[in-house]
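Chemist: After the structure tokens below, expect a handful of questions from me.
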Amino acid sequence: MKIVLLILFSSLVAIWADVYMFRRIVRSRHPGRAWRVGYVVYAAVVDTMVVAALAAYNTVLDWQSTASMRAILWIIGLFFLNAVPKAVYAVISLGDIVRRRRTGRPSFVYNNIGIVLALLCFTWLAYGMTYGRSVIRVERVELTFDNLPASFDGMRVVEFSDTHYGNVVNGERFLARMRDTINGLRPDIVINGGDIVNVHERELTPQALEILGGIRARYGVYSVLGNHDLGIYIKDTAANSPQENIARLTAKQEGLGWTVLRDASVPLSNGQDTIYITGLDYPEEFYGHSHTSGMHGADIAAAYRDVPRGAFNLAVTHAPQLWTEMVNAGVGDLTLAGHVHSMQIKVGWGRWRWSPARLFYDRWSGLYEQAGRYLYINDGTGYVMFPMRLGTKPEITLFTLRSGMARGGPGNRDTEGVSGAIEEFLPAASGSPRDNEGERGFPGSRPGESGNDRDGLCLDHLNDNTAGTADDTPTHRPGDAIFESPDPAEDSGLPELLP
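If you count by my numbering, then the sequence shown holds residues -3 to 495, one letter each, in order.
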């Protein structure tokens, strides 16, 4: 219901801005009848197209889905590119009307300010439709756990989520850069947090699967299903029911060697030490209600049936709303989630951040801690509804897990002990210098290979702010805002609406 109200509000604001622009600029300056009629037609077409696109969003047929969804996506994006700057101008320039009524003299101060801010807004939106949606950022987070065995100290976990592959422009190119970014971090475990497709499993073509199959991790790749993976966002499902879609998508991922966790846990052993990875399914009762702040219904008992109490547990759930239920059940030392992607809009200053996601979710981005347990919400790499990422570029997260046992004392379980950093990633040539991480020898390593001798690329370390760690990085807390510079080497071209 909140989404519908938000869309309705946006449409009304756009119509008001068009009426205001017509009365203040088009009609008042008498450009001629042709200009006045032309503006009215232009405004009517743009506003009508977005209403039609929104109405069609959940009614496309299965065979139309990929092309239609992409067309709808870009129509909505172009609508925002058109409407938002005009609304900004209209709101700011109202100050001239107030000033004129008070002073009795013409005023153009707010008009000029409005023009400047509208141009800045247009530039920001255009950036989000080009570089903002395509430049991959890497965020590093380091956490210490008392119950993580010493033999797992320094384990590197990489998470990517919400690829929404059917929507991605130049998808194979982007997917290859994402794969190279992940491999360059030399992960021990890779986690896919769900929504790898947007509508149905056919989006994962043989070419896409070949690229995804190139992701490498010592312990392997683990995946859960998100709401978009379930095949529920198309109306005509006769050719491919949700159950069949799930079965085919699961088979494709397992064919890559990935482990798809559906309310299940798997042990990972290193000598006599064992930790567990658990994946929770998206609850069926929340199909169509994915933006509900409170969510329950995960089969926690089934998922944790074979997990000993007290063993370190890395949990994965697409929907972060399930975390409250998990904390109440006393499971999941570190839970990785996705789903929200900050609704692809995030603004901030210093440690303050804001996103429309705050209107829908109690927890919407980054790191959270409760009762000694952590939740991390990855901002995802893809996009839905509109092809923009404003202030929240595609994210891949590297977690370095530290053992309190290895440090000879209790682990730090508060957010002050979290360290993290952001990097823009541009794939380098093979054979770059490697980090000196020390000898570890995790299962799956090749003969003679240790933690400081891995195939892959090196990302430069950033500022030292946590003494004694192998991957020192500046402190990152849940409220921190993040700003990055664009990478000019990335693709910025707009796509054809219909391929």
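Using N, Cα and C, we set each Cβ at its ideal position, and we do this for glycine too.
Rank Gly362, Arg305, Ala367 and Pro383 by C-alpha distance to the C-alpha of Phe395 and give the top, closest one.
Modeler: With distances taken between Cα atoms, Phe395 lies closest to Gly362.
Chemist: In the structure shown, what three-state DSSP assignment does Phe104 receive?
Modeler: Three-state result, Phe104: coil.
Chemist: For a quick check, are the C-beta atoms of Arg175 and Ile132 less than 8 angstroms apart?
Modeler: no
Chemist: Let me know if Tyr38 comes out buried or exposed under the rule of 16 or more other beta-carbons within 10 Å of its beta-carbon.
Modeler: exposed
Chemist: Out of Leu90, Asp302, Ile392 and Ala402, state which residue places its alpha-carbon closest to the alpha-carbon of Arg182.
Modeler: Ile392
Chemist: Of the choices Phe382, Trp348 and Trp319, whose alpha-carbon is the least far from that of Tyr357?
Modeler: Trp319
Chemist: What does the alpha-carbon distance come out to for the pair Gln340 and Gly376?
Modeler: Gln340 and Gly376 have their C-alpha atoms spaced approximately 9 angstroms apart.
Chemist: Kindly identify the DSSP beta-bridge partner or partners of Asn309.
Modeler: Tyr272
Chemist: Rounded to whole angstroms, what is the Cα-Cα separation between Gly73 and Arg258?
Modeler: 34 angstroms
Chemist: Can you give the beta carbon distance from Glu155 to Leu332, rounded, assuming they're within the 8 angstroms contact cut?
Modeler: 5 angstroms
Chemist: State the DSSP-derived secondary structure class of Phe156, mapped to helix, strand or coil.
Modeler: strand
Chemist: Who are the Cβ neighbours of Pro263 in its own chain at under 6 angstroms, not counting the five residues just before and after it?
Modeler: Thr270 and Tyr272
Chemist: Could you say which of Trp120, Leu276 and Pro279 lies nearest to Val343 if we only look at CA atoms?
Modeler: Trp120
Chemist: Would the region 140 to 148 and the region 378 to 392 be scored as touching if the rule is three or more Cβ pairs under 8 angstroms?
Modeler: no
Chemist: Among Ser338, Ala247, Pro316 and His335, which residue has its Cα nearest to the Cα of Gly328?
Modeler: It is Pro316.
Chemist: Tell me, which residues are paired with Met151 by DSSP?
Modeler: Met151 is bridged by DSSP to Leu397.
Chemist: Check whether the Cβ of Trp319 lies closer than 7 angstroms to any heavy atom of the ligand SAM, and answer yes or no.
Modeler: Here there are no bound small molecules, and the ligand SAM is not part of this structure.
Chemist: Would you list the one or two residues that DSSP bridges to Asn166?
Modeler: None; Asn166 has no bridge partner.
Chemist: From Asp158 to Arg97, what distance separates their C-alpha atoms?
Modeler: Looking at the two C-alpha atoms, the distance is approximately 51 angstroms.
Chemist: Are the Cβ atoms of Gly222 and Ile242 separated by less than 8 angstroms?
Modeler: no
Chemist: In angstroms, rounded to a whole number, what distance separates the CA positions of Ser89 and Ser103?
Modeler: 10 angstroms
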